[in-house]
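Below is one structure, written out as structure tokens, with a few remarks after it.
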Amino acid sequence: MPIEAPRRAPLFQSVAGESRSSRSVTFSFNGEALSVPPGISVAAALLMSGIERFRATPVSESPRAPYCMMGVCFECLVSIDGVPNRQSCLIDVVDGMQVRSQEGARDLQFEVPSVSVLEVQP
Ligand code: FES
71 MPIEAPRRAP LFQSVAGESR SSRSVTFSFN GEALSVPPGI SVAAALLMSG
121 IERFRATPVS ESPRAPYCMM GVCFECLVSI DGVPNRQSCL IDVVDGMQVR
171 SQEGARDLQF EVPSVSVLEV QP
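Numbers in the working numbering are just positions in the sequence shown, counted from 1, shifted up by 70.
So this is what it looks like as structure tokens:
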């Protein structure tokens, strides 16, 4: 008599199955309002909405989009609620989130320290 393996929950769930949910999450990408099913990452939400360009490289300004969807490649960087360099594949999309494409290198915000003059005593 053959032994049956125990049934397990599927490792992945289809986005199509989630879209049957009556609930949705509304967020914006570059000012455009988008609506997606809840419980998915920002990257999945953008891809599901037809967005294919998430950022531009700092040197050649080549377009980039998610590649690994698991936090390894950093191709999915976007600005979320004003914070640059967020890995959109690792962050769940939530209502009211403001996502922007990341163009080139991020701004470095720091103050230049004042330079004090040292006097050398002989
Ligand atoms: S898609 Fe690779 S780190 Fe996000």
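For glycine and all other residues, C-beta sits at the position ideal for the given N, C-alpha and C.
Any non-hydrogen atom of the ligand FES closer than 7 Å to residue i Cβ
| i | result |
| --- | --- |
| Gly-109 | no |
| Pro-136 | yes |
| Gly-101 | no |
| Met-167 | no |
| Ala-113 | yes |
| Gln-157 | yes |
| Glu-145 | yes |
| Val-142 | yes |
| Met-139 | yes |
Check whether residue i and residue j have beta carbons under 8 Å apart
| i | j | result |
| --- | --- | --- |
| Arg-125 | Ser-184 | no |
| Val-112 | Val-169 | yes |
| Ser-158 | Val-148 | yes |
| Val-142 | Phe-97 | no |
| Leu-104 | Ala-114 | no |
| Cys-146 | Pro-136 | yes |
| Met-167 | Ile-150 | yes |
| Phe-99 | Ile-121 | yes |
Integer-rounded CB distance, given that residue j should sit under 8 Å from residue i
| i | j | result |
| --- | --- | --- |
| Pro-108 | Arg-123 | No, Pro-108 and Arg-123 are not in contact; Cβ-Cβ is about 24 Å, not under 8 Å. |
DSSP state of residue i mapped onto helix, strand, coil
| i | result |
| --- | --- |
| Val-163 | coil |
| Ser-158 | helix |
| Val-106 | strand |
| Leu-116 | helix |
| Ala-135 | coil |
| Glu-173 | strand |
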